[in-house]
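Below: one structure, written as structure tokens.
Numbering (UniProt numbering), first residue to last: 1 to 213.
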């Protein structure tokens, strides 16, 4: 059984610097603009500073260590293997659930980041060895936004853009509700456009987490 030690975040999470990674599979079979490019453009418009894109978990850990991003966004691909779940970015750069560690989440002594995992079923807790969102929370994330079911790259990009745009609006307005308000706004915006991917977004951890530009 995976257990999580809950503690409130020490302060507002800043929407930058941002770190982004996408699986090559997210763009497979899609017309231009590629879903990963759409997601990255949305992140660039919403986050403070220029987001950095990486294509491997080695490069991801290096960016965590050197920059300590406040917002981590993955438009990935999940593979189920016996007894484990693997999160893929780039062209087959894999991170298993069992291997998620603090080095993937935050710099030593740094502030807990907000993590967005947009991939098939990242928010599910059905794995007997734990869950992806739980692993990131356990290793230092202030909160994790994940998805509840299968989705393709286009749907994932739409969800990512809606979420980061809502985060920016909440941060700019300073209105109450923080992350929870942003997730609700993103879901509503997607559903208003007839995009059922809005039903898949769910947050874990400190849902009242404050966000700042």
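Glycine is no exception: its CB is placed at the ideal position from the N, C-alpha and C atoms. Computed from a prediction, not measured in an experiment: that's the story for all the values here.
| Asked | Found |
| --- | --- |
| Per DSSP, which one or two residues make a beta bridge with residue 116? | 73, 145 |
| Could you tell me which residues DSSP puts in a beta bridge with residue 282? | As displayed, the chain neither begins before 1 nor continues past 213, which places residue 282 out of reach and without an answer. |
| So is residue 32 buried or exposed if we call it buried at 16+ other beta carbons inside 10 Å? | exposed |
| How many Å lie between residue 35 and residue 209 at the Cα? | 28 angstroms |
| Taking the beta strand (DSSP E) that residue 52 falls in, what are its first and last residues? | 52-54 |
| Out of curiosity, what's the CA-to-CA distance linking residue 21 and residue 195? | 23 angstroms |
| For the 8 angstroms Cβ check, are there 3 or more pairs between the stretch 47-59 and the stretch 112-119? | no |
| Out of curiosity, what's the CA-to-CA distance linking residue 1 and residue 78? | Note that residue 1 scores 40 on pLDDT, short of 50, meaning its location in the model is unreliable and no value can be drawn from it. |
| In its own chain, which residues sit with a C-beta less than 8 angstroms from the C-beta of residue 110, not counting the 5 before and 5 after it? | 68 |
| Measure from the alpha carbon of residue 83 to the alpha carbon of each residue in 104, 132, 37, then state which is nearest. | 132 |
| Can you tell me whether residue 62 is buried or exposed, with buried defined as 16 or more other CB within 10 angstroms of its CB? | exposed |
| How would you label residue 29, buried or exposed, when you count the other beta carbons within 10 angstroms and need 16 or more for buried? | exposed |
| Return the chain-ordered list of same chain residues with a C-beta closer than 8 angstroms to the C-beta of residue 211, the five sequence neighbours on each side being excluded. | 12, 13, 14, 15, 114, 167, 170, 171, 178, 179, 182 |
| As a quick exercise: from 159, 157, 58, 108, pick the residue whose alpha carbon is nearest that of residue 99. | 58 |
| In or out: residue 176 buried (at least 16 other Cβ within 10 Å) or exposed? | exposed |
| Taking its Cβ as the centre, do 16 or more other Cβ atoms sit within 10 Å of residue 160, making it buried, or is it exposed? | buried |
| Using CA atoms only, rank isn't needed, just tell me which of 37, 198, 44, 40 is closest to residue 149. | 198 |
| Just confirm the distance between the C-beta atoms of residue 165 and residue 46, as a whole number of angstroms; I'd bet it's less than 8 angstroms. | 6 angstroms |
| Can you name the start and end residues of the beta strand (DSSP E) that residue 133 belongs to? | Where residue 133 is concerned, there is no enclosing beta strand (DSSP E), although the alpha helix (DSSP H) it sits in stretches over 132-138. |
| Is the CB-CB distance between residue 95 and residue 156 below 8 angstroms? | no |
| Going by DSSP, what residues sit across from residue 204 in a beta bridge? | 144 |
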